[in-house]
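Trainee: Below you'll find the structure I mean.
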Amino acid sequence: MVFGMLDGVFFKLGPIPVDHIIFTEWVIIGLIGLIAFFATRDMQMVPRGLQNAFEAIIVFTYDFFTQLMDKEHVAKKWAPLLTTFFLFIILSNYSGLLPGAAGLAGFQPPTSNWNITLTLALITFCSVHVAGFAEHSVGYLGHFVSPSPLMLPLNLVEEIAHPLSLTVRLFGNIFGEEMVIAFLLFMVPFLIPGALMALSLLLGAIQAIVFTLLSASYIAAAAGESH
Amino acid sequence: MGVALGAGLAVSIAGIGGGIGMGVAGGKAFEAIARQPEVGGDVRTLLFITLAFIETLTIYGLVIAFMLVGKI
Numbered sequence: 000m001v002f003g004m005l006d007g008v009f010f011k012l013g014p015i016p017v018d019h020i021i022f023t024e025w026v027i028i029g030l031i032g033l034i035a036f037f038a039t040r041d042m043q044m045v046p047r048g049l050q051n052a053f054e055a056i057i058v059f060t061y062d063f064f065t066q067l068m069d070k071e072h073v074a075k076k077w078a079p080l081l082t083t084f085f086l087f088i089i090l091s092n093y094s095g096l097l098p099g100a101a102g103l104a105g106f107q108p109p110t111s112n113w114n115i116t117l118t119l120a121l122i123t124f125c126s127v128h129v130a131g132f133a134e135h136s137v138g139y140l141g142h143f144v145s146p147s148p149l150m151l152p153l154n155l156v157e158e159i160a161h162p163l164s165l166t167v168r169l170f171g172n173i174f175g176e177e178m179v180i181a182f183l184l185f186m187v188p189f190l191i192p193g194a195l196m197a198l199s200l201l202l203g204a205i206q207a208i209v210f211t212l213l214s215a216s217y218i219a220a221a222a223g224e225s226h
Numbered sequence: 000m001g002v003a004l005g006a007g008l009a010v011s012i013a014g015i016g017g018g019i020g021m022g023v024a025g026g027k028a029f030e031a032i033a034r035q036p037e038v039g040g041d042v043r044t045l046l047f048i049t050l051a052f053i054e055t056l057t058i059y060g061l062v063i064a065f066m067l068v069g070k071i
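Top line first, the protein sequences correspond to chains G and E.
Residue numbering for the first sequence follows numbering that gives the first Met the number 0, beginning at 0 and increasing consecutively.
Residue numbering for the second sequence follows numbering that gives the first Met the number 0, beginning at 0 and increasing consecutively.
Right under this line is the structure:
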């Protein structure tokens, strides 16, 4: 165990070891699914309670992504994925804030492991190109040789750099924040780490928003005009 | 010794650059909002994206520092 980073393997699923990061991820996915199930179980024309809250979230995100992406049908198509990114990342970031979570298997933020953030970034990478091909079909390939064929290597490097920077940004922020809190807990066990945890409440939300916004703007750039 | 020094330098030099860049970007954004408060929402969204880009460069330094600390 290094600075609260455990390597606990809970059980093996065939040849695949299931460690605490994956377990936490499953719990978060289950939580989101359960809340969504209860919100949509008994839908009514005039929404009340949980259904009302979910409808507010959906309307807000649809309007937000429509404004950001200019094309309404593209926004409608990709808003569910982007909203799920946001919910999953914000719950993952906050799962490390429970008291004593840094040293406890099962409560470390899954986003503080770069395997998880790389997976999320690769989903974005694939959806960017799917969105580009769905919108422009073969004409999308022209985007790689614009403004001139000389720019082809630079454009390819840019395509690799996007998921890489998404990965390192989310992982570095959450991992660094967890490390600083673990160091402070080691030196001063009371009060002082609380201030930093309050700050990381804000940071976790901002990182979730930034990941979602950047994914949305990459998809909008691929599906937009002017290729 | 050298590795520890390198870890400290990696994060501190990256922090200097990121700090200056964020200060300039944030200051300009506040000027813009003070001059035209009605575009505040747009400026704020753009500011967050810009700050995230700047922050990434600092975070690269931090990740390298963690890698070096792991080697000590």
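All C-beta atoms in this analysis are idealised placements derived from N, C-alpha and C, irrespective of residue type, glycine included.
Quick caveat, the model's predicted, so the values are computed rather than measured.
Could you check whether residue 165 (chain G) and residue 243 (chain G) sit closer than 8 Å to each other, using their CB atoms as the reference points?
Mentor: Outside the shown range of chain G (0 to 226) lies residue 243 (chain G), about which nothing can therefore be said.
Trainee: Can you pull the chain E neighbours of residue 167 (chain G), defined as C-beta to C-beta under 8 Å?
Mentor: Within chain E, the residues near residue 167 (chain G) are 55, 58, 59, 62.
Trainee: Can you tell me whether residue 16 (chain G) is helix, strand or coil according to DSSP?
Mentor: Residue state, collapsed to three classes: strand.
Trainee: Would you give the residue range spanned by the alpha helix (DSSP H) that residue 72 (chain G) belongs to?
Mentor: Looking at the DSSP string, the run of the alpha helix (DSSP H) that includes residue 72 (chain G) is 71-93.
Trainee: Nearest chain E C-beta to residue 218 (chain G) closer than 8 Å, yes or no?
Mentor: Taking Cβ atoms only, chain E never reaches closer than 8 Å to residue 218 (chain G), which makes this a no.
Trainee: Closest Cβ-Cβ distance between residue 172 (chain G) and chain E: below 8 Å?
Mentor: By this cut-off, residue 172 (chain G) is an interface position.
Trainee: With 8 Å set as the bound, which would you pick, yes or no: does the beta-carbon of residue 5 (chain E) sit closer than that to a beta-carbon of chain G?
Mentor: No, residue 5 (chain E) does not count as interfacial toward chain G.
Trainee: Tell me which residues share the same chain as residue 31 (chain E) and place their Cβ nearer than 8 Å to its Cβ, disregarding the 5 neighbours each side in the sequence.
Mentor: Excluding sequence neighbours, residue 31 (chain E) sits near 38, 42.
Trainee: Of all the options E:56, E:33, E:35, which has the alpha carbon lying nearest to the alpha carbon of residue 21 (chain E)?
Mentor: Of the listed residues, the one whose Cα sits closest to residue 21 (chain E) is E:56.
Trainee: Under 7 Å, CB to CB, which of the residues in the stretch 30-51 of chain E have a partner in chain G?
Mentor: Those would be 47, 48, 51, in chain order.
Trainee: DSSP state of residue 10 (chain G), grouped into three classes?
Mentor: It is a strand residue.
Trainee: If I measure Cβ to Cβ from residue 154 (chain G) and keep anything under 6 Å in the same chain, skipping five residues before and after, which residues do I get?
Mentor: Excluding sequence neighbours, residue 154 (chain G) sits near 143.
Trainee: Drop a sphere of 10 angstroms on the beta-carbon of residue 0 (chain G), count the other beta-carbons inside from all chains shown, and report buried for 16 or more, exposed for fewer.
Mentor: Residue placement at residue 0 (chain G) cannot be trusted, given a pLDDT of 32 that sits under 50; the coordinates are not used to answer.
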